[in-house]
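Numbering-wise, the numbering used here puts 258 at position 121 of the sequence shown, and it's gapless, one number per residue. Written out below as structure tokens is the structure these notes cover.
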Amino acid sequence: MALLEQELGDEPFALATRGMIKAVRDSYARQTRKAHKIKQMVSRLYSWADENELVPEGFNPAARIKRLKRKGGDQEYVVWSTHEIELFLTEAPEHVRTPVLLALYTGQRANDIARMLWSQWQGDYIRVRQAKTGAMLDIACHQRLKAHLETLKSTRLSLKGTICLTVRAKSFNANNLGSAIHRAVQNIAAMPKNRSLHGLRYAAGSAMEEAGCTISEIEAVLGHRTLRMALKYASQRLRTRSAMTKVESS
Numbered sequence: 138m139a140l141l142e143q144e145l146g147d148e149p150f151a152l153a154t155r156g157m158i159k160a161v162r163d164s165y166a167r168q169t170r171k172a173h174k175i176k177q178m179v180s181r182l183y184s185w186a187d188e189n190e191l192v193p194e195g196f197n198p199a200a201r202i203k204r205l206k207r208k209g210g211d212q213e214y215v216v217w218s219t220h221e222i223e224l225f226l227t228e229a230p231e232h233v234r235t236p237v238l239l240a241l242y243t244g245q246r247a248n249d250i251a252r253m254l255w256s257q258w259q260g261d262y263i264r265v266r267q268a269k270t271g272a273m274l275d276i277a278c279h280q281r282l283k284a285h286l287e288t289l290k291s292t293r294l295s296l297k298g299t300i301c302l303t304v305r306a307k308s309f310n311a312n313n314l315g316s317a318i319h320r321a322v323q324n325i326a327a328m329p330k331n332r333s334l335h336g337l338r339y340a341a342g343s344a345m346e347e348a349g350c351t352i353s354e355i356e357a358v359l360g361h362r363t364l365r366m367a368l369k370y371a372s373q374r375l376r377t378r379s380a381m382t383k384v385e386s387s
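Right, dumping it as structure tokens:
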């Protein structure tokens, strides 16, 4: 809000144009997430003003502004290798191991993992949100995730809240969950420092297939684009294993 006040505070809100808002947004083009949030916040302000009859009905100059594209395409997230996943799960604190396992075996985004409730886990299945439709989908719960959740469940006094809790036993949100993962990665000496929670979504396709999920189920959870990247990653791993097997047997 402070940024919007600085950039647009002196402008009569009823006279703002799409071009003005795009100009402010485009000035942060190198920070695509921040640029998009500027557009989102302006749009929400005008929606509120519309509801309270402060602007003409339907007037929202930010409503149809398309998302700014990152130069060179969308941001690429580095996929975690099997070694990196195991290293993290061995050395990271428990409060960040749980969200990493959920990301790996459900393919969910940080926001959905942070909000995931105990009621979504149903033993052999875990209920997750479809990427495209927002509908809930039951997928097979990997044995490793199931064992972890069973152990975690036995230590909790209450199962009414979220599965993932901070070190102070509070619920995460997407931002502080991402920050917690980042700090844990930085504190593990042998861990590459550019690994993020989102990078686990590509590894999730292989893990979900291993748990018994069908391709259609995986696509429903990950979405077509992420599934394509996940399958590409899986095929690369298989080729690497095959090559190593040939080298070791020669």
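Using N, Cα and C, we set each Cβ at its ideal position, and we do this for glycine too.
If one requires a minimum length of 4 residues, the alpha helix (DSSP H) runs lying completely within the segment 201-253 are 219-228, 231-243 and 247-252, in chain order. Between HIS279 and TYR242 the beta-carbon gap is near 4 Å, inside 8 Å, which marks them as a contact. DSSP places ARG264 within a strand segment (E or B) once states are collapsed to three.
For SER164, the three-state secondary structure derived from DSSP is coil. Here LEU239 is near GLN245, since their CB atoms are less than 8 Å apart.
Relative to the Cα of ARG170, the nearest Cα in the group ASN312, ILE352, GLY342 and ASN331 belongs to ASN312.
Residue nearest to HIS319 within the set GLY342, LYS297, HIS232 and ALA348 is HIS232 (criterion: CA-CA distance).
For the 8 Å CB-CB criterion, LEU274 and GLU354 form a contact. Sequence-distant partners of ARG332 (beyond 5 residues in either direction) whose C-beta falls short of 7 Å from its own C-beta, in its chain, are VAL215, TRP217, GLU221 and VAL322. Scanning its chain for C-beta atoms nearer than 8 Å, with the 5 sequence neighbours on each side dropped, one finds around PRO230 the residues VAL304 and ALA321, in chain order. Non-local beta-carbon contacts of ALA186 in its own chain, meaning distances under 6 Å to residues more than five positions away in sequence, involve VAL192 in chain order.
A contact between stretches requires three or more CB pairs, one per stretch, nearer than 8 Å, and the segment 254-266 meets this requirement with the segment 285-305. Apart from sequence neighbours up to five positions away, the residues of its chain that approach ILE263 with a beta-carbon distance below 7 Å are THR243, GLN257, ILE276 and CYS278, ordered along the chain. Counting along the chain, the unbroken alpha helix (DSSP H) around ILE175 starts and ends at 169-188.
DSSP places ALA348 in the coil class of the three-state scheme, outside both helix and strand. The alpha-carbon of PHE196 is positioned some 19 Å away from that of VAL161. When rounded, the separation of the alpha-carbon atoms in LEU314 and ALA251 is 7 Å.
If the five residues before and after LEU224 are omitted, its C-beta is found closer than 7 Å to the C-beta atoms of ILE325, ALA327 and MET328, all from its own chain and listed in chain order. Within the same chain, and ignoring the five residues on either side of ASP249 in sequence, the residues whose Cβ sits closer than 6 Å to its Cβ are ARG266.
Counting along the chain, the unbroken beta strand (DSSP E) around LEU274 starts and ends at 273-277. Residue burial annotation: LYS176 is buried, with at least 16 other C-beta atoms found within 10 angstroms of its C-beta. With a threshold of 16 other beta carbon atoms within 10 Å, ALA247 meets it and is buried.
Judged by DSSP in its simplified three-state form, SER256 adopts helix.
When DSSP states are grouped into helix, strand and coil, THR299 belongs to the strand group.
For ALA321, the enclosing alpha helix (DSSP H) starts and ends at 311-323.
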